[in-house]
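This report refers to the structure that appears directly beneath it.
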Amino acid sequence: MAATVKLDIRKATAALSDMQKQIPFAVATAINDVAFSVMRAENEAMSSLFDDPRPFTQKSSQVVKATKSSLAAEVSLRPAQARYLDPFETGGEHATTGNNRDLLVPVAAKTDQYGQMTRGTIKRLASRADTFVGKGPNGVMGIWQRVSPPRTGGRGKRKGIRQAQPALRLLVRFTPNTPVHKRLRYVERAETIVQSQGPEAIEKALQKALASAFR
Numbered sequence: 001m002a003a004t005v006k007l008d009i010r011k012a013t014a015a016l017s018d019m020q021k022q023i024p025f026a027v028a029t030a031i032n033d034v035a036f037s038v039m040r041a042e043n044e045a046m047s048s049l050f051d052d053p054r055p056f057t058q059k060s061s062q063v064v065k066a067t068k069s070s071l072a073a074e075v076s077l078r079p080a081q082a083r084y085l086d087p088f089e090t091g092g093e094h095a096t097t098g099n100n101r102d103l104l105v106p107v108a109a110k111t112d113q114y115g116q117m118t119r120g121t122i123k124r125l126a127s128r129a130d131t132f133v134g135k136g137p138n139g140v141m142g143i144w145q146r147v148s149p150p151r152t153g154g155r156g157k158r159k160g161i162r163q164a165q166p167a168l169r170l171l172v173r174f175t176p177n178t179p180v181h182k183r184l185r186y187v188e189r190a191e192t193i194v195q196s197q198g199p200e201a202i203e204k205a206l207q208k209a210l211a212s213a214f215r
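As structure tokens, this is what we get:
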């Protein structure tokens, strides 16, 4: 005596086929969730590296999202911010502007609320009629302003009396560039987050795809 056991697997086969189609999308979603976690952590880390960083620096990271056909996301620095942040990851000297290799340190020049000069400040200061770029007292290199002494009584210059020379005020000091000592640890932080959150994110994505396929 024998009993034949047969099961109708058409529904299960269809469900598995549907799940197979859903897996790439589910995995891409999981990868993107982790990638954006990395991006947020990288942006938040700027506050520990710099004192009172500008929003431009705090939003320096971007994500190229994964897709069903490309199951990899990329978290990176935006090009404009990477120009001055890369040395904090790879080492080297601080980034400078233009062909100038010195660091430009504001002294009496106007700065924003973050203590930094706004774009165009150097060009604007250097082109003023009452300033010059060069060495001032004690051989200090920078942008200097000629400050005329206050006028005293009398309309004209008196003969035989030496006129007071304009005083010099240092607006921007040029200092030799130095190696960056702080480290951003951008890649290291990203790898730690991926290793910590990745397995759980993939597991949840597959469970969701499985539940959706067999509804």
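In UniProt numbering, the protein residues as written are 1 to 215.
Note that CB positions come from ideal geometry on N, CA and C, so glycine has one too.
Terminal residues of the continuous alpha helix (DSSP H) containing residue i?
i	result
Gln-81	79-90
Mapping the DSSP letters down to three states, classify residue i as helix, strand or coil.
i	result
Phe-36	helix
Arg-169	strand
residue 253	Summary: the structure shown does not reach residue 253, with the chain confined to residues 1 through 215, and so no result is reported for it.
Phe-25	helix
Gly-134	strand
Ser-76	strand
Pro-150	coil
Look at the Cβ atom of residue i, then the Cβ atom of residue j, and state whether they are nearer than 7 Å.
i	j	result
Ala-66	Asn-32	yes
Ala-26	Ala-190	no
Ile-143	Leu-171	yes
Arg-146	Pro-176	no
Val-34	Ala-205	no
For the beta strand (DSSP E) holding residue i, just list the boundary residues, first then last.
i	result
Pro-55	It is not in any beta strand (DSSP E) - Pro-55 instead sits in the alpha helix (DSSP H) that spans 55-58.
Leu-125	From DSSP, Leu-125 is part of no beta strand (DSSP E) but of the alpha helix (DSSP H) over 121-126.
Ser-61	61-64
Leu-104	103-106
Val-140	Unbroken run through Val-140: none, as it is neither H nor E.
Do you know whose CA, among the options, lies nearest residue i's CA?
i	options	result
Val-75	Gln-81, Val-187, Ser-37, Val-63	Val-63
Ala-82	Ser-61, Thr-97, Ser-70	Ser-61
Thr-192	Asp-51, Phe-174, Met-39	Met-39
Phe-36	Thr-90, Gly-120, Ala-73	Ala-73
residue 217	Pro-79, Pro-199, Gln-207, Ala-30	The chain is shown only over 1 to 215; residue 217 falls outside these bounds and no answer can be derived.
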